[in-house]
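Student:
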Amino acid sequence: MEKTKLPRVAYFCMEYGLDAKLPIYAGGLGILAGDFLKAAKDLNLPLVGIGILWRHDYTEQFIGEDGWPYDNYPTFDYDFVKDTGVKIKVEIEGKEVTARVRLVDQYGNAPLYLLDTNFPGSEHGWITSKLYGGGTYERIAQEILLGIGGVRLLRALNIDVDVYHFNEGHAVLAGIELIREKMAEGLSFEEAWQATRRQVVFTTHTPVEAGNEKHDHGELQRMGAYNGLSYEQMVHLGGNPFNMTEAALRLCTVANAVSNLHGHTARSMWRHVSDTGPIISITNGVHVPTWQAKEIHYAFQAGGDLWKPHLQLKTKLVEYAHKHTDARLNVNALMVGFARRAAGYKRSDLIFRNAEVIDPLLRDGKLQLIFSGKAHPDDYEGKRIIQDLVRMDRKYKDAVVFLENYNMEIGKLLVQGCDVWLNNPMRPLEASGTSGMKAAMNGVLNLSVVDGWVGEGPQHGISGWLLDTHHRHLDPQQQNQEDLAALYRVLFDEVIPTYYEQPERWQDMMRASIDMSHFRFSATRMIREYYELMYRRVTDKQDAVTAPWMIPERSRGEQYPYIT
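With this note's numbering applied, the sequence shown has no gaps in its numbers, which climb one by one up to 567 at the end.
(1) Checking the sheet assignment: what are the DSSP bridge partners for Ala258?
(2) Alpha carbon to alpha carbon, how far is Thr279 from Trp273? Give it in angstroms, no decimals.
(3) Which runs of the beta strand (DSSP E) at least 3 residues long sit entirely within the segment 52-116? Give them in chain order.
(4) Quick one: Cα of Leu176 to Cα of Gly306, how far?
(5) Compute the Euclidean distance between the alpha carbons of Thr46 and Ala434, then round it to the nearest angstrom.
(6) When the Cα atoms are used, what is the spatial distance from Thr256 to Phe341?
(7) Between the alpha carbons of Leu365 and Asp382, how many angstroms are there, rounded?
(8) Going by other Cβ atoms of all chains shown within 10 Å of its Cβ, with 16 needed for buried, is Ile283 buried or exposed?
(9) Suppose contacts are defined by Cβ-Cβ distances below 8 Å. Is Arg105 in contact with Leu56 by that definition?
(10) According to the neighbour-count rule (16 or more other Cβ atoms, all chains shown, within 10 Å of its Cβ), is Glu249 buried or exposed?
(11) Determine the burial state of His275: buried for a count of at least 16 other Cβ atoms within 10 Å of its Cβ, exposed for fewer.
(12) Quick check on Asp511: does DSSP put it in helix, strand or coil?
(13) Which first and last residues belong to the beta strand (DSSP E) in which Ser375 is found?
(14) How big is the Cα-Cα spacing for Asp518 and Met444?
(15) Which parts of the segment 349-427 are runs of the alpha helix (DSSP H), unbroken and 4 residues or longer, counting only runs that do not cross its ends?
(16) In whole angstroms, what is the alpha-carbon distance linking Gln545 and Tyr533?
(17) Do you know how far the Cα of Ala260 is from the Cα of Pro575?
(18) Assign Lys185 to one of three DSSP states: helix, strand, or coil.
(19) Taking the C-alpha atoms as reference points, what is the distance between Tyr140 and Tyr409?
(20) Decide if His127 is buried, meaning its Cβ has at least 16 other Cβ atoms within 10 Å, or exposed.
(21) What residue range is occupied by the uninterrupted beta strand (DSSP E) comprising Phe522?
(22) Using the Cα positions of Glu384 and Ile95, report the straight-line distance between them to the nearest angstrom.
(23) Quick one, which of Asp362, Gly376, Lys377 has its alpha-carbon nearest Leu370's?
(24) Is the separation between the beta-carbon of Leu353 and that of Leu450 shorter than 8 Å?
(25) Between which two residues does the beta strand (DSSP E) holding Trp196 run?
(26) Measure the alpha-carbon distance for Ala13 versus Val204 and round it to whole angstroms.
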């Protein structure tokens with residue numbers, strides 16, 4: 004397929020993680036979007052990103068004397084972000100809102116256009132103030148800016164688009180703007196809706212129905228999100244209350260889940276919604292040049308020793324931890340890492356739930372645990388989880404460490420410097436997960452529940468270890484007990500003996516982990532599948548199956564004719 008004939012794509016996302024110096028991301032969704040743009044640039048693909056320039060970040064989160072996380076919102080100076088000189092206007096709550104169009108292209112990424120209302124003389128700086136900050140009022144305003152404003156940005160810059168890709172439901176109002184444009188040209192609502200569907204694809208990341216965003220129609224109408232459509236038309240798209248994910252599914256040619264296992268969950272979850280695009284599976288991937296240490300890359304490619312560069316990376320992590328916490332970790336002792344958004348289903352504290360079992364290992368220095376993560380500023384439960392981890396840090400000062408203010412820099416140190424990467428979410432709530440992919444391609448061995456991407460990746464005892472307990476019940480307490488027992492069993496009987504007694508086997512597993520992950524779970528593979536399975540489906544007007552649950556599972560070894 005010739006590059007000149009590739010579909011031209013506009014990729015909409017609320018957050019992007021391109022570099023720690025550009026803090027406009029909260030977690031995995033943003034990091035994925037940043038990696039997506041980097042892969043597009045690497046392959047010279049015709050794709051642009053659309054987002055928002057958040058003036059006060061998501062949060063900078065530190066630990067107080069009592070161990071409770073507290074939040075800071077510094078005002079960032081974005082002088083290094085280019086001003087295109089272009090402005091666009093949207094209407095929010097009956098008022099005209101002007102946004103500047105900024106450009107980020109200096110991180111090896113495809114062009115990323117960011118909307119900014121926070122400039123001198125603007126009365127509407129609050130809209131682009133805090134990522135995921137404020138309440139429903141602020142959120143709807145931000146989604147109007149991203150969706151409706153994003154389409155108008157493309158028009159103002161004369162960027163031709165074949166495919167509009169909504170990465171999560173935040174951007175769904177872009178579909179409303181596309182319908183409005185077509186109705187203004189004389190099409191009926193039904194005709195405009197069907198024509199818009201032939202331009203849109205959608206990625207869903209949320210594996211539980213309750214986690215999908217809903218809005219009251221009165222609020223949407225008052226804020227201006229209807230954008231010329233009627234109540235009946237908006238209900239037809241998103242139901243009542245207006246469900247952003249339902250609307251996105253009804254506005255797209257095809258949608259995708261972000262792993263094979265998530266595909267099963269998503270198709271089951273949305274099978275009751277009529278007239279949607281089919282949901283296929285495209286497993287997430289990560290940008291290898293960003294996340295894989297160069298030392299590991301060169302050693303792996305040359306078939307050389309992996310342990311020496313691994314120890315160098317581990318030493319960097321140990322030194323960082325000492326500088327920021329005073330902990331004195333041992334570079335020669337087993338180090339297990341865990342770094343994610345602080346959410347209950349991720350169970351970051353699972354390993355401590357029968358703490359007396361691992362207490363001797365921690366006190367003897369045979370096991371070291373290093374954690375990092377942030378909770379949403381308003382998430383009491385997430386902050387309580389972090390406080391519990393901090394208590395363990397203070398109890399086992401040189402064996403358990405919590406690194407505050409988790410960001411891309413800390414994430415990179417951890418996925419490159421630990422020996423083992425722990426992942427124990429409550430199934431099936433992890434749609435994909437990408438931190439384990441980053442760890443795997445650095446030779447950091449996954450110790451993981453089989454959920455999300457893990458069902459397609461590590462093999463037990465070969466390229467990692469799996470906690471595959473085949474839960475047969477819905478009782479969370481019982482699942483916690485079974486998973487904890489499996490975690491202790493594998494840790495005591497397999498991980499620790501292999502690390503201390505079989506160093507050659509450990510290095511063989513490191514090599515197998517890199518071999519398993521460095522292409523299969525790369526952003527390069529991922530974006531090629533998006534072009535082949537979704538974007539071309541739109542532009543080639545391929546026939547689509549309309550029942551989401553009828554889409555067959557993609558077999559593990561199935562190959563696709565990737566673009567060249």
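We treat Cβ as the ideally placed atom computed from N, Cα and C, and that holds for glycine.
Tutor: In brief:
(1) Phe205, Ile282, per the DSSP bridge assignment.
(2) Here the C-alpha atom of Trp273 lies approximately 9 Å from the C-alpha atom of Thr279.
(3) Here the runs fully enclosed are 63-66, 72-75, 85-95, 98-107.
(4) If I take the Cα positions, the gap works out to 50 Å.
(5) Per the sequence presented here, residue 46 reads as Leu, with Thr not at that position. Whole-angstrom Cα-Cα distance: 26 Å.
(6) So the alpha carbons of these two residues sit roughly 37 Å apart.
(7) Near 30 Å, if we compare the C-alpha coordinates of Asp382 and Leu365.
(8) Counting Cβ neighbours within 10 Å, Ile283 comes out buried, since at least 16 surround it.
(9) Cβ atoms of Arg105 and Leu56: closer than 8 Å.
(10) Result: buried.
(11) Flag for His275 reads exposed.
(12) Helix, per DSSP.
(13) Here the beta strand (DSSP E) through Ser375 covers 370-375.
(14) Approximately 8 Å, taken between the alpha carbons.
(15) 358-366, 383-398, 411-420, all fully within the segment 349-427.
(16) Any reading at Gln545 is ruled out, since the residue's pLDDT is 38, under 50, leaving its predicted position unreliable.
(17) Given a span of 4 to 567 for the chain in the structure shown, any question on residue 575 remains unanswerable.
(18) It is helical.
(19) Answer to the nearest angstrom: the Cα atoms are 28 Å apart.
(20) Taking a 10 Å sphere around the C-beta of His127, we find 16 or more other C-beta atoms and assign the residue as buried.
(21) First-last for Phe522: undefined, no H or E at that position.
(22) Our two residues, Glu384 and Ile95, have alpha carbons roughly 33 Å apart in a direct line.
(23) The candidate whose alpha carbon is nearest that of Leu370 is Asp362.
(24) 8 Å or more divides the Cβ of Leu353 from the Cβ of Leu450.
(25) Where Trp196 is concerned, there is no enclosing beta strand (DSSP E), although the alpha helix (DSSP H) around it starts and stops at 192-200.
(26) Cα-Cα distance, rounded: 10 Å.
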